[in-house]
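A quick write-up on the structure given underneath.
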Amino acid sequence: MDLGLRFWLSGLKNFLLGRSKPASMYYRPLEGNVQEYKLPDPLEFPDGSTVKTRGDWMERRRPEILEMFEENVYGKVPEGARARDHEIVDKKDGALDGLAIRKQVSIFLAPGKPQPILNLLIYLPRDVVKAKKNVPVFLGLNFVGNHTINDDTGIFMHEKYFPEGMLRGTPYSQSRGLRSWRWPVTSILDQGFGLATAFCGDVVPDRKDGLSRGIHPHYCREGQGQREPDDWGAIAAWAWGLSQAMNYLEGDGDVDATKVAVFGHSRLGKTALWAAAMDQRFAMAIANDSGCGGAALSRRRFGETVRAINESFPHWFCKNFREYNGREDALPVDQHMLLALIAPRPVYVASAQKDFWADPHGEFLSVLHANRVYKFLETTGFPAKDMPPFNQPVFARMGYHVRRGRHDMTLFDWKAYISFARKHFSKKTTKNA
Ligand code: GTR
């Protein structure tokens, strides 16, 4: 059955069962903890004048907001940082029981050096490629290694550093397919999409000392000892890694590089949003349970706060971000402006009911506030005013759902993303729909 129809039917079922209340009602009792706040206006210049034309937005206000995020939140990517060479180290026609073409590509992140390497794993639907078509692709980083997304024994394993607890006691040698529930590869291929992924630790190991062990030392300025206050943190470096993967995808004839949806879960959802903000080649962005520093509004201080995230993960953001510990109101930006940077390209934000740490309601409000920019750019934007009931995806140019359950990325989430991508990547959908 068509995915869109399936969602429509499940919406009808929920309605008939009387479960059609906006999810915001569920969060209302907790809203008392949120102090009053005033968000910066994405459509207003610092001198108080307003953005009046598309050109004002694209050429003046958007770059200004991007720079504020670089300087105060994620940090700046060093000038000229770019991977130049790659090598296709594996190509298998007929992987996954004949369903897929599998490719593995080594992308050399520092020109002229054998390390570090971004190991990109790509699965493409074999029948579509054989029909001489190039395919749209979902591109996202993974937490623990390419071999954990599927138990395909052809996926190379690379001994790497992990953040403590990531393998939860499983020996590395037995970790094939360990995270496969988050990666429904066959469902993705069945719907005519490809999937590309790489381990975030290939760029920067996700640990407090990660910045000295990944890409950073290869691109530091001469004589530079310490990270400057506005130098890139791990999230910016991971996002940059996604752009290096995109450089490869642009040259792969089996891929439709005009239809690459960048996605990620949680810390990698924050990364996907920042990647799409920095690199406009990404045609779509999907942030699953991205929370603080992702889609959630920082000024709400609900769940994870700026101080909490900087103290637990000092390597994720630039050092300047620490200036806003407990001072969120002083930030020149908030996260609705991150979503606005992606406009007019389609963006989808998803939350989970019990994921209070990521502030589901704050993630939703971010969509609503960014919607002003999507509307200003004459797209359909977001088609609702309140949080949809649980498990009911709502989307036009912007999409949102809050899934029942906890912090995770499930088949339910994937079905919504596939549906969203099908809508926007189909020829029938007009440019601004
Ligand atoms: C948590 C962190 C969140 C989120 C999450 C994840 O510990 O506080 O910001 O990123 O990890 O990545 O799973």
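Just so it is clear: in the sequence shown, position 88 is 1168 by this note's numbering, and no numbers are missing.
In this text, a Cβ means the ideal position worked out from N, Cα and C, and glycines have one as well.
In this structure, the straight-line span from the alpha carbon of GLY1274 to that of TYR1203 is close to 6 Å. Residue burial is scored here from C-beta neighbours: HIS1238 has fewer than 16 other C-beta atoms within 10 angstroms and is therefore classed as exposed.
Cβ neighbours of LEU1176 within its own chain (closer than 8 Å, five residues either side excluded): ARG1182, TYR1203, ASN1230, ASP1232, VAL1265, THR1266 and LEU1269. Contact fails between the stretch 1461-1474 and the stretch 1399-1418, because fewer than three Cβ pairs, one in each stretch, are under 8 Å apart. Unbroken alpha helix (DSSP H) runs of no fewer than 4 residues, entirely contained in the stretch 1222-1276, are found at 1265-1270, following chain order. The DSSP-derived three-state label of GLN1184 is strand. SER1378 and LEU1322 have their C-alpha atoms roughly 25 Å apart. Look at HIS1481 here: in three-state DSSP terms it is strand.
Comparing alpha-carbon positions, the option among PHE1492, ALA1190, ASP1488 and ILE1389 lying closest to GLN1472 turns out to be PHE1492. Judged by the Cβ position, ILE1229 fails to qualify as a neighbour of the ligand GTR at the 8 Å threshold, every heavy atom of the ligand being at least this far. Exclusion of the five residues before and after LEU1258 leaves VAL1224, THR1228, LEU1247 and THR1250 as the residues of its chain whose Cβ lies within less than 8 Å of its Cβ. Distances from the CB of GLU1384 to the heavy atoms of the ligand GTR include at least one below 8 Å. Distance from the CA atom of GLY1344 to the CA atom of ARG1301, rounded to whole angstroms, is 30 Å. In this structure, ALA1356 is the residue among ALA1432, ALA1356 and VAL1342 with its C-alpha nearest to the C-alpha of LEU1146. By the beta-carbon neighbour count (other beta carbons within 10 angstroms, threshold 16), LYS1339 is buried. LYS1507 sits in coil when the DSSP states are folded into three classes, being neither helix nor strand. Around ALA1438, the same chain offers SER1346, ASP1369, SER1370, GLY1371, CYS1372, GLY1374, ALA1376, GLY1383, GLU1384, SER1431, ALA1432 and HIS1487 as residues with beta carbons nearer than 8 Å, after the five sequence neighbours per side are excluded.
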